[in-house]
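Down below is the structure, laid out as structure tokens.
As structure tokens, then:
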């Protein structure tokens, strides 16, 4: 069975400090990977997606970056946090390729980020 | 402009009641439509999806949804809700790219015991 693990569970950081959030998927090779951001009580905004190692596409510009250093790992980071970065960050995976099989997202349990 | 609209921010029903959560979309061409559930403070879980064929699709835990092209809708229904169904429900739409899904604003369902 596939599992998805996000770390850390929660972070409290100061404005201007760096950030690194991680996500690991086990039991599935070559998944599509995604980062989503959710404001408190809000909808989900897709930030990045990756279909293969070393290749990441940005969906929105929020002064964040993402990398996929390994097939099963997806990293979200920034060198300088803003207050607006606060929220809930969700990593997700789907089957590779396009079409019906790729349209189902499997989410991690999320990271709650508070920027002060 | 592609949009996914969930007109009801909150819905409250009694346990055992039926419920319908509404989703309307504005997309051209063929799309995939999905519903997800999010319990408080947790990640989202997939409930069901539609692309083609029978417009009524069955999902987990007794949920079903019906696609209507004429109404541009994909409403989620359950015949008899349980208190554990209390959560936020998100409708999502995507084109056949497998890389981008647009989510609605969510509907918070509260089931009163």
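Chains as they are written, first to last, in our numbering: chain A, 1000 to 1115; chain B, 5 to 117. Positions of the beta carbon are idealized from the N, C-alpha and C atoms, including for glycine. These numbers were taken from a predicted model, which means no experiment stands behind them.
Practice prompt. Let me know the secondary structure DSSP gives residue 64 (chain B) once reduced to three states.
Written response: helix
Fill in: the segment 1037–1051 of chain A / the segment 95–112 of chain B touching (three or more Cβ pairs under 8 Å)
yes
Worksheet entry | contact_flag[the segment 6–16 of chain B, the segment 61–75 of chain B] where n(CB pairs < 8 Å) is 3 or more | no
Item to complete: Determine contact between the segment 89–103 of chain B and the segment 35–52 of chain B, defined as no fewer than three beta-carbon pairs at a distance below 8 Å.
Response: yes
Discussion item. By alpha-carbon positions, which one of A:1113, A:1050, A:1079 and A:1054 ends up nearest to residue 1191 (chain A)?
Written reply: Look at the range of chain A in this structure, 1000 to 1115, and you will see that residue 1191 (chain A) is not part of it.
Fill in: C-alpha gap between residue 1092 (chain A) and residue 34 (chain B), whole angstroms
23 Å
Worksheet entry | Contacts around residue 1032 (chain A), its chain only, beta-carbon distance under 6 Å, and the 5 residues preceding and following it disregarded | 1049, 1073 and 1092
Worksheet item: I think residue 19 (chain B) touches residue 115 (chain B), with their Cβ atoms under 8 Å apart; what is that distance to the nearest whole Å?
Response: 5 Å
Item to complete: Could you tell me which chain B residues have their CB closer than 8 Å to the CB of residue 1062 (chain A), listed as they occur along the chain?
Response: Near residue 1062 (chain A) there are no residues of chain B at all, since even the closest Cβ is about 20 Å away, more than 8 Å.
Worksheet item: Do we get a CB-CB distance below 7 Å when we pair residue 5 (chain B) with the residues of chain A?
Response: no
Discussion item. For a test of the three-state rule: what should DSSP assign to residue 1083 (chain A), helix, strand or coil?
Written reply: helix
Worksheet item: What residues match up with residue 1065 (chain A) in a beta bridge as DSSP calls it?
Response: A:1075
Worksheet item: If you measure from the beta carbon of residue 1108 (chain A) to each beta carbon in chain B, is any gap under 7 Å?
Response: yes
Worksheet item: Comparing the C-beta of residue 16 (chain B) with each C-beta of chain A, is any distance below 7 Å?
Response: no
Worksheet item: Whose C-beta lies closer than 7 Å to the C-beta of residue 60 (chain B) among residues of the same chain, with five residues either side of it excluded?
Response: 68 and 70
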